[in-house]
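See below for the structure under consideration.
In the working numbering, the protein residues as written are 28 to 251.
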């Protein structure tokens with residue numbers, strides 16, 4: 028049984044992940060002003076519009092959100108390369124729509140199913156960059172690193188998301204604590220090694236995976 032009808036606007040070919048998902052009925056609609064007529068006689072209750080935009084501005088938001096407000100069971104997903112400053116402010120105050128960065132496009136179907144299952148889908152104000160998912164974590168090279176308590180070796184770890192402001196790091200031993208100053212070194216998509224100074228904002232031990240998960244807020248970065 029079809030779970031939802033997905034209307035794609037802003038690109039000319041269906042993403043492969045949508046083609047493969049047989050629980051979603053997907054189609055391209057080139058003109059956004061034709062969306063209302065397309066949805067008018069739809070028999071599938073849940074409807075989703077995925078709008079691909081290089082730059083999301085308030086005028087785009089208002090066009091699509093008017094559709095959402097006046098169409099039952101409709102949710103808008105934006106996939107963008109950049110946000111206007113006004114949209115960043117709107118994103119902090121309004122969670123009635125979903126913004127995904129172009130670099131997160133591979134998560135589209137997963138996020139659609141999260142929404143259909145009644146789970147919240149996080150919208151991010153900052154772009155998540157592509158990078159190797161492996162890095163080295165060590166005490167900060169800054170003088171602040173001397174404030175850390177206890178022995179803290181250089182450890183290999185992994186991360187899923189990387190923004191200009193921070194990341195979630197996973198390491199195999201519980202060596203770091205809240206407020207510790209750390210250094211993360213990794214290789215970016217250009218092959219350059221990047222060294223990031225940061226502070227641990229939260230820490231928890233995952234008993235299932237036997238890993239320590241750390242929320243790291245970046246203080247500075249340099250290509251080394």
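Beta carbons are placed, not taken as given, at the ideal position from N, Cα and C, and that holds for glycine.
Taking all protein chains shown into account, decide if residue i is buried (16 or more other Cβ within 10 angstroms of its Cβ) or exposed.
i	result
residue 82	exposed
residue 29	exposed
residue 137	exposed
Is the CB-CB distance between residue i and residue j below 8 Å?
i	j	result
residue 229	residue 192	no
residue 139	residue 51	yes
residue 103	residue 85	no
I believe residue i touches residue j by the beta-carbon criterion, under 8 Å. Please report the beta-carbon distance rounded to the nearest angstrom.
i	j	result
residue 106	residue 79	5 Å
residue 214	residue 220	6 Å
residue 65	residue 56	6 Å
residue 31	residue 135	Incorrect: roughly 13 Å between the Cβ atoms, too far for contact.
residue 169	residue 203	At roughly 15 Å, the Cβ-Cβ gap does not stay under 8 Å, so residue 169 and residue 203 are not in contact.
How many Å lie between residue i and residue j at the Cα?
i	j	result
residue 251	residue 67	Note that residue 251 scores a pLDDT of 46, beneath 50, so its modelled location is shaky and nothing firm can be said.
residue 41	residue 35	8 Å
residue 174	residue 71	59 Å
residue 54	residue 33	7 Å
residue 243	residue 195	6 Å
residue 129	residue 37	13 Å
residue 252	residue 233	Residue coverage of the chain in this structure runs from 28 to 251, which leaves residue 252 outside it and unanswerable.
residue 97	residue 160	42 Å
residue 223	residue 39	39 Å
Can you name the start and end residues of the alpha helix (DSSP H) that residue i belongs to?
i	result
residue 136	135 to 143
residue 44	43 to 47
residue 63	62 to 67
residue 85	85 to 97
Can you give me the start and stop residues for the beta strand (DSSP E) that residue i sits inside?
i	result
residue 118	First-last for residue 118: 112 to 120, but that is the alpha helix (DSSP H), not the beta strand (DSSP E).
residue 168	Neither: residue 168 is in no beta strand (DSSP E) and is coded neither H nor E.
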